[in-house]
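Numbering (our numbering), first residue to last: 17 to 366.
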(Lines of atoms letter the chains of each structure in order from A; the text may use other names.)
(Lines give C-alpha, C1' and ligand atoms only; values in the text may rest on other atoms or scores of the structure.)
Protein backbone atom coordinates (compact mmCIF):
# COMPACT_ATOMS: atom_id res chain seq x y z
CA UNK A 17 0.00 0.00 0.00
CA UNK A 18 1.29 3.48 -0.86
CA UNK A 19 -0.77 5.75 1.37
CA UNK A 20 -4.39 6.42 2.31
CA UNK A 21 -6.32 9.62 1.66
CA UNK A 22 -9.60 10.28 3.48
CA UNK A 23 -12.11 12.34 1.48
CA UNK A 24 -14.12 14.60 3.82
CA UNK A 25 -16.49 17.53 3.54
CA UNK A 26 -20.06 18.62 4.11
CA UNK A 27 -22.90 16.48 2.72
CA UNK A 28 -23.68 16.96 -1.00
CA UNK A 29 -20.39 18.61 -1.95
CA UNK A 30 -19.49 15.86 -4.43
CA UNK A 31 -17.25 13.67 -2.27
CA UNK A 32 -18.76 10.37 -3.38
CA UNK A 33 -18.90 11.50 -7.03
CA UNK A 34 -15.19 12.32 -6.93
CA UNK A 35 -14.44 9.13 -4.98
CA UNK A 36 -16.23 7.02 -7.58
CA UNK A 37 -14.45 8.78 -10.44
CA UNK A 38 -11.06 8.28 -8.81
CA UNK A 39 -11.54 4.72 -7.60
CA UNK A 40 -14.40 3.33 -9.72
CA UNK A 41 -15.69 1.77 -6.50
CA UNK A 42 -19.38 2.50 -7.05
CA UNK A 43 -20.25 4.36 -3.83
CA UNK A 44 -23.89 5.49 -3.55
CA UNK A 45 -24.50 9.06 -4.72
CA UNK A 46 -27.79 10.82 -3.90
CA UNK A 47 -29.18 14.32 -3.47
CA UNK A 48 -29.69 14.12 0.29
CA UNK A 49 -27.43 14.22 3.34
CA UNK A 50 -25.93 11.02 4.77
CA UNK A 51 -26.70 8.74 1.83
CA UNK A 52 -23.23 7.43 2.73
CA UNK A 53 -23.73 5.90 6.18
CA UNK A 54 -20.33 4.25 6.47
CA UNK A 55 -16.96 4.66 4.80
CA UNK A 56 -16.33 3.53 1.24
CA UNK A 57 -12.85 2.30 0.36
CA UNK A 58 -11.15 1.96 -2.99
CA UNK A 59 -7.56 0.93 -3.71
CA UNK A 60 -6.23 2.13 -7.06
CA UNK A 61 -2.86 1.80 -8.84
CA UNK A 62 -0.61 4.85 -8.92
CA UNK A 63 0.01 5.84 -12.56
CA UNK A 64 3.75 5.94 -13.29
CA UNK A 65 5.06 5.57 -16.86
CA UNK A 66 8.48 4.65 -15.51
CA UNK A 67 7.17 1.31 -14.21
CA UNK A 68 6.51 -0.21 -17.63
CA UNK A 69 9.78 1.15 -18.97
CA UNK A 70 11.71 -0.43 -16.07
CA UNK A 71 9.95 -3.73 -16.78
CA UNK A 72 10.98 -3.55 -20.44
CA UNK A 73 14.61 -2.64 -19.78
CA UNK A 74 15.00 -5.19 -16.97
CA UNK A 75 13.21 -7.84 -19.09
CA UNK A 76 10.64 -8.78 -16.43
CA UNK A 77 7.45 -10.57 -17.53
CA UNK A 78 5.12 -8.65 -15.18
CA UNK A 79 4.85 -5.23 -13.53
CA UNK A 80 2.96 -4.25 -10.39
CA UNK A 81 2.31 -0.60 -9.47
CA UNK A 82 2.26 0.85 -5.99
CA UNK A 83 -1.23 1.86 -4.80
CA UNK A 84 -3.22 4.55 -3.03
CA UNK A 85 -6.30 3.93 -0.92
CA UNK A 86 -9.13 6.46 -1.14
CA UNK A 87 -11.56 6.46 1.78
CA UNK A 88 -14.88 8.23 1.19
CA UNK A 89 -16.08 9.41 4.61
CA UNK A 90 -19.73 10.43 5.04
CA UNK A 91 -20.57 14.13 5.21
CA UNK A 92 -19.77 16.01 8.39
CA UNK A 93 -22.10 18.70 9.76
CA UNK A 94 -22.11 21.24 12.58
CA UNK A 95 -22.12 19.29 15.81
CA UNK A 96 -20.31 16.27 14.34
CA UNK A 97 -17.80 16.42 17.21
CA UNK A 98 -20.74 15.90 19.59
CA UNK A 99 -22.27 13.09 17.55
CA UNK A 100 -24.55 15.03 15.17
CA UNK A 101 -25.17 13.16 11.91
CA UNK A 102 -23.36 10.07 13.24
CA UNK A 103 -20.35 12.37 13.57
CA UNK A 104 -18.39 10.39 16.16
CA UNK A 105 -18.35 7.33 13.91
CA UNK A 106 -17.29 9.35 10.87
CA UNK A 107 -14.56 11.18 12.80
CA UNK A 108 -13.11 7.84 13.89
CA UNK A 109 -12.66 6.90 10.22
CA UNK A 110 -10.59 10.06 9.63
CA UNK A 111 -8.18 9.02 12.38
CA UNK A 112 -7.23 5.94 10.34
CA UNK A 113 -5.95 7.71 7.18
CA UNK A 114 -2.53 9.19 6.40
CA UNK A 115 -3.88 12.48 5.07
CA UNK A 116 -7.15 14.32 4.50
CA UNK A 117 -8.61 15.57 1.22
CA UNK A 118 -11.20 18.22 2.15
CA UNK A 119 -13.64 18.56 -0.76
CA UNK A 120 -15.48 21.87 -1.00
CA UNK A 121 -18.25 22.64 -3.48
CA UNK A 122 -17.46 25.83 -5.40
CA UNK A 123 -20.45 26.14 -7.72
CA UNK A 124 -24.23 26.55 -7.29
CA UNK A 125 -26.59 23.85 -8.57
CA UNK A 126 -30.37 24.17 -8.08
CA UNK A 127 -30.69 20.41 -8.50
CA UNK A 128 -28.34 19.57 -5.62
CA UNK A 129 -29.30 20.80 -2.16
CA UNK A 130 -26.67 22.43 0.07
CA UNK A 131 -26.91 21.52 3.74
CA UNK A 132 -26.52 25.20 4.73
CA UNK A 133 -28.77 26.57 1.99
CA UNK A 134 -26.10 28.26 -0.14
CA UNK A 135 -22.62 27.74 -1.58
CA UNK A 136 -19.96 29.48 0.50
CA UNK A 137 -16.54 27.75 0.30
CA UNK A 138 -14.93 29.70 3.17
CA UNK A 139 -17.86 29.05 5.51
CA UNK A 140 -17.90 25.37 4.57
CA UNK A 141 -14.15 25.00 5.24
CA UNK A 142 -14.54 26.74 8.59
CA UNK A 143 -17.40 24.39 9.55
CA UNK A 144 -15.32 21.26 8.98
CA UNK A 145 -12.17 22.72 10.55
CA UNK A 146 -14.16 23.73 13.64
CA UNK A 147 -15.59 20.24 14.08
CA UNK A 148 -12.17 18.63 13.72
CA UNK A 149 -10.72 21.09 16.25
CA UNK A 150 -13.55 20.44 18.72
CA UNK A 151 -12.99 16.70 18.38
CA UNK A 152 -9.28 17.23 19.12
CA UNK A 153 -10.10 19.33 22.18
CA UNK A 154 -12.24 16.44 23.41
CA UNK A 155 -9.37 14.01 22.88
CA UNK A 156 -6.96 16.29 24.76
CA UNK A 157 -9.41 16.75 27.64
CA UNK A 158 -9.72 12.97 28.06
CA UNK A 159 -5.96 12.54 27.93
CA UNK A 160 -5.42 15.25 30.57
CA UNK A 161 -7.87 13.48 32.88
CA UNK A 162 -6.06 10.16 32.42
CA UNK A 163 -2.71 11.80 33.28
CA UNK A 164 -3.83 13.04 36.70
CA UNK A 165 -3.12 9.81 38.56
CA UNK A 166 0.40 9.65 37.06
CA UNK A 167 1.05 13.28 37.97
CA UNK A 168 -0.04 12.62 41.56
CA UNK A 169 2.52 9.80 41.58
CA UNK A 170 5.11 12.44 40.54
CA UNK A 171 5.68 11.05 37.06
CA UNK A 172 7.86 13.69 35.37
CA UNK A 173 6.99 12.54 31.83
CA UNK A 174 3.26 12.83 32.59
CA UNK A 175 3.81 16.37 33.90
CA UNK A 176 5.71 17.36 30.74
CA UNK A 177 2.93 15.91 28.58
CA UNK A 178 0.32 17.84 30.57
CA UNK A 179 2.23 21.10 30.04
CA UNK A 180 2.47 20.39 26.32
CA UNK A 181 -1.23 19.55 25.95
CA UNK A 182 -2.20 22.68 27.86
CA UNK A 183 -0.16 24.63 25.29
CA UNK A 184 -2.16 23.07 22.45
CA UNK A 185 -5.60 23.81 23.94
CA UNK A 186 -5.57 27.61 23.43
CA UNK A 187 -4.14 27.09 19.93
CA UNK A 188 -7.13 24.89 18.99
CA UNK A 189 -9.57 27.21 20.75
CA UNK A 190 -8.29 30.08 18.58
CA UNK A 191 -9.35 28.10 15.50
CA UNK A 192 -5.89 26.99 14.40
CA UNK A 193 -5.03 23.36 13.53
CA UNK A 194 -2.27 21.44 15.32
CA UNK A 195 -0.47 20.99 11.99
CA UNK A 196 0.29 24.74 12.07
CA UNK A 197 2.40 24.38 15.23
CA UNK A 198 6.19 24.08 15.11
CA UNK A 199 6.90 21.01 17.25
CA UNK A 200 9.99 19.26 18.58
CA UNK A 201 10.56 15.57 17.74
CA UNK A 202 9.41 14.64 21.25
CA UNK A 203 6.23 16.68 20.85
CA UNK A 204 5.59 15.12 17.43
CA UNK A 205 5.78 11.68 19.05
CA UNK A 206 3.17 12.72 21.62
CA UNK A 207 0.91 14.07 18.88
CA UNK A 208 1.24 10.85 16.89
CA UNK A 209 0.13 8.84 19.90
CA UNK A 210 -3.00 10.97 20.31
CA UNK A 211 -3.88 10.71 16.59
CA UNK A 212 -5.28 14.25 16.51
CA UNK A 213 -7.38 15.09 13.45
CA UNK A 214 -6.04 18.62 12.88
CA UNK A 215 -2.47 17.27 13.02
CA UNK A 216 -3.02 15.29 9.82
CA UNK A 217 -1.73 16.79 6.55
CA UNK A 218 -4.58 18.17 4.46
CA UNK A 219 -5.35 18.92 0.81
CA UNK A 220 -8.08 21.44 0.03
CA UNK A 221 -9.91 20.20 -3.07
CA UNK A 222 -12.25 22.52 -4.97
CA UNK A 223 -15.11 20.71 -6.72
CA UNK A 224 -15.71 23.02 -9.67
CA UNK A 225 -18.08 22.92 -12.63
CA UNK A 226 -16.98 22.60 -16.25
CA UNK A 227 -16.93 26.37 -16.80
CA UNK A 228 -14.37 26.96 -14.02
CA UNK A 229 -10.96 26.41 -15.58
CA UNK A 230 -8.82 28.10 -12.92
CA UNK A 231 -8.15 26.75 -9.45
CA UNK A 232 -9.88 28.96 -6.84
CA UNK A 233 -7.63 30.82 -4.40
CA UNK A 234 -6.87 28.94 -1.21
CA UNK A 235 -7.17 25.47 -2.75
CA UNK A 236 -4.43 22.94 -3.50
CA UNK A 237 -6.22 21.27 -6.38
CA UNK A 238 -9.42 21.74 -8.43
CA UNK A 239 -11.43 18.81 -9.78
CA UNK A 240 -14.63 18.83 -11.80
CA UNK A 241 -16.43 15.87 -10.27
CA UNK A 242 -18.93 15.70 -13.13
CA UNK A 243 -16.20 15.61 -15.81
CA UNK A 244 -14.09 13.09 -13.88
CA UNK A 245 -17.18 10.89 -13.56
CA UNK A 246 -17.68 11.00 -17.34
CA UNK A 247 -13.99 10.21 -17.97
CA UNK A 248 -14.11 7.22 -15.61
CA UNK A 249 -16.85 5.62 -17.71
CA UNK A 250 -14.82 5.78 -20.93
CA UNK A 251 -12.17 3.40 -22.21
CA UNK A 252 -8.57 4.50 -21.75
CA UNK A 253 -8.31 5.50 -25.41
CA UNK A 254 -11.59 7.44 -25.32
CA UNK A 255 -10.64 9.19 -22.08
CA UNK A 256 -7.27 10.18 -23.57
CA UNK A 257 -8.99 11.60 -26.66
CA UNK A 258 -11.51 13.59 -24.59
CA UNK A 259 -8.77 15.02 -22.37
CA UNK A 260 -6.88 16.04 -25.50
CA UNK A 261 -9.98 17.79 -26.88
CA UNK A 262 -10.51 19.63 -23.59
CA UNK A 263 -6.83 20.50 -23.19
CA UNK A 264 -6.49 18.47 -19.97
CA UNK A 265 -2.97 17.16 -19.39
CA UNK A 266 -3.63 15.15 -16.22
CA UNK A 267 -6.71 13.39 -14.88
CA UNK A 268 -8.06 14.23 -11.43
CA UNK A 269 -6.60 10.96 -10.16
CA UNK A 270 -3.12 11.85 -11.37
CA UNK A 271 -3.30 15.36 -9.89
CA UNK A 272 -4.69 14.09 -6.58
CA UNK A 273 -1.94 11.48 -6.27
CA UNK A 274 0.82 13.94 -7.18
CA UNK A 275 -0.51 16.44 -4.64
CA UNK A 276 -0.72 13.67 -2.03
CA UNK A 277 2.87 12.60 -2.66
CA UNK A 278 4.06 16.20 -2.32
CA UNK A 279 2.00 16.73 0.84
CA UNK A 280 3.40 13.63 2.55
CA UNK A 281 6.94 13.89 1.11
CA UNK A 282 6.66 10.50 -0.60
CA UNK A 283 8.79 8.99 -3.36
CA UNK A 284 8.66 5.86 -5.53
CA UNK A 285 11.41 3.30 -5.94
CA UNK A 286 11.43 0.07 -7.95
CA UNK A 287 12.56 -3.52 -7.58
CA UNK A 288 13.00 -5.77 -10.59
CA UNK A 289 14.10 -9.33 -11.31
CA UNK A 290 13.45 -12.18 -13.75
CA UNK A 291 9.95 -12.69 -12.26
CA UNK A 292 8.49 -9.20 -11.81
CA UNK A 293 9.00 -5.47 -11.51
CA UNK A 294 7.32 -3.59 -8.67
CA UNK A 295 6.90 0.03 -7.58
CA UNK A 296 7.06 0.90 -3.87
CA UNK A 297 6.16 4.02 -1.90
CA UNK A 298 8.37 5.37 0.90
CA UNK A 299 8.98 8.73 2.54
CA UNK A 300 11.83 11.00 1.46
CA UNK A 301 14.91 10.26 3.51
CA UNK A 302 14.12 6.55 3.94
CA UNK A 303 17.31 4.54 4.42
CA UNK A 304 17.98 1.44 2.34
CA UNK A 305 17.29 -1.10 5.17
CA UNK A 306 13.89 0.47 5.89
CA UNK A 307 13.04 0.48 2.18
CA UNK A 308 13.97 -3.21 2.05
CA UNK A 309 11.65 -3.74 5.01
CA UNK A 310 8.73 -2.55 2.88
CA UNK A 311 9.22 -5.71 0.84
CA UNK A 312 9.78 -8.09 3.77
CA UNK A 313 10.76 -7.54 7.41
CA UNK A 314 13.54 -10.15 7.09
CA UNK A 315 15.22 -8.01 4.44
CA UNK A 316 15.50 -5.12 6.91
CA UNK A 317 16.75 -7.33 9.75
CA UNK A 318 19.43 -9.05 7.66
CA UNK A 319 20.28 -6.13 5.36
CA UNK A 320 23.78 -6.34 3.88
CA UNK A 321 23.81 -3.91 0.95
CA UNK A 322 21.78 -2.57 -1.96
CA UNK A 323 22.68 -2.48 -5.63
CA UNK A 324 21.27 0.82 -6.95
CA UNK A 325 20.63 1.95 -10.52
CA UNK A 326 18.68 5.16 -11.01
CA UNK A 327 15.88 5.13 -13.60
CA UNK A 328 17.52 7.90 -15.67
CA UNK A 329 20.80 5.95 -15.79
CA UNK A 330 19.02 2.75 -16.80
CA UNK A 331 17.34 4.65 -19.64
CA UNK A 332 20.68 5.97 -20.83
CA UNK A 333 22.38 2.57 -20.75
CA UNK A 334 19.45 0.69 -22.29
CA UNK A 335 19.75 -2.47 -20.19
CA UNK A 336 20.73 -3.78 -16.77
CA UNK A 337 23.79 -5.61 -18.11
CA UNK A 338 24.98 -2.52 -20.01
CA UNK A 339 24.51 -0.38 -16.89
CA UNK A 340 26.77 -2.75 -14.96
CA UNK A 341 29.38 -2.67 -17.74
CA UNK A 342 29.33 1.15 -17.67
CA UNK A 343 29.74 1.18 -13.88
CA UNK A 344 26.40 2.92 -13.42
CA UNK A 345 25.15 0.24 -11.02
CA UNK A 346 26.66 0.89 -7.60
CA UNK A 347 26.63 -0.79 -4.19
CA UNK A 348 25.28 1.20 -1.24
CA UNK A 349 25.25 0.48 2.49
CA UNK A 350 22.79 0.88 5.33
CA UNK A 351 23.15 4.69 5.48
CA UNK A 352 22.09 5.24 1.87
CA UNK A 353 18.90 7.29 1.40
CA UNK A 354 16.65 5.87 -1.30
CA UNK A 355 15.93 8.38 -4.09
CA UNK A 356 12.84 8.76 -6.23
CA UNK A 357 13.34 6.59 -9.32
CA UNK A 358 15.94 4.27 -7.77
CA UNK A 359 15.88 0.63 -8.89
CA UNK A 360 17.12 -1.39 -5.93
CA UNK A 361 18.33 -4.97 -5.51
CA UNK A 362 18.70 -5.74 -1.80
CA UNK A 363 21.17 -8.29 -0.44
CA UNK A 364 20.36 -9.70 2.99
CA UNK A 365 21.04 -12.68 5.23
CA UNK A 366 18.89 -14.00 8.11
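Built from N, CA and C at the ideal position, the CB exists for glycine as well.
{"Query": "N-terminal and C-terminal residue of the alpha helix (DSSP H) that residue 286 is part of", "Result": "That residue, residue 286, is in no alpha helix (DSSP H); its beta strand (DSSP E) goes 282–288."}
{"Query": "The segment 26–33 touching the segment 236–254, judged by at least three CB pairs closer than 8 Å", "Result": "yes"}
{"Query": "Residues near residue 358 in its chain [Cβ-Cβ closer than 8 Å; skip 5 each side]", "Result": "285, 286, 324, 325, 326 and 327"}
{"Query": "Host alpha helix (DSSP H) of residue 247 (start-end)", "Result": "241–248"}
{"Query": "Best match in 259, 191, 268 and 280 for proximity to residue 224 [C-alpha to C-alpha]", "Result": "268"}
{"Query": "Of the residues 183, 148 and 136, the one placed nearest residue 232, counting alpha carbons only", "Result": "136"}
{"Query": "Reference residue 246; option with closest CA among 206, 265, 171 and 226", "Result": "226"}
{"Query": "CB contact below 9 Å: residue 332 versus chain B", "Result": "Of the protein chains in the structure, only one exists, and it is not chain B."}
{"Query": "Residue 25 and residue 140 closer than 9 Å at C-beta", "Result": "yes"}
{"Query": "Straight-line gap, residue 149 to residue 205 (C-alpha atoms, nearest Å)", "Result": "19 Å"}
{"Query": "Unbroken beta strand (DSSP E) run spanning residue 119, endpoints", "Result": "115–121"}
{"Query": "Residue 81, buried or exposed, once every other Cβ within 10 Å from all chains shown has been counted against 16", "Result": "buried"}
{"Query": "Backbone CA spacing between residue 61 and residue 281 [nearest angstrom]", "Result": "18 Å"}
{"Query": "Close Cβ partners of residue 300 (< 6 Å) along its chain, the five nearest in sequence each way excluded", "Result": "281 and 283"}
{"Query": "Nearest candidate by alpha-carbon position, reference residue 84, set 273, 303 and 184", "Result": "273"}
{"Query": "Residues near residue 361 in its chain [Cβ-Cβ closer than 6 Å; skip 5 each side]", "Result": "323"}
{"Query": "Segments of 4+ residues assigned as alpha helix (DSSP H) that fall wholly inside the segment 126–212", "Result": "137–168, 172–189 and 201–210"}
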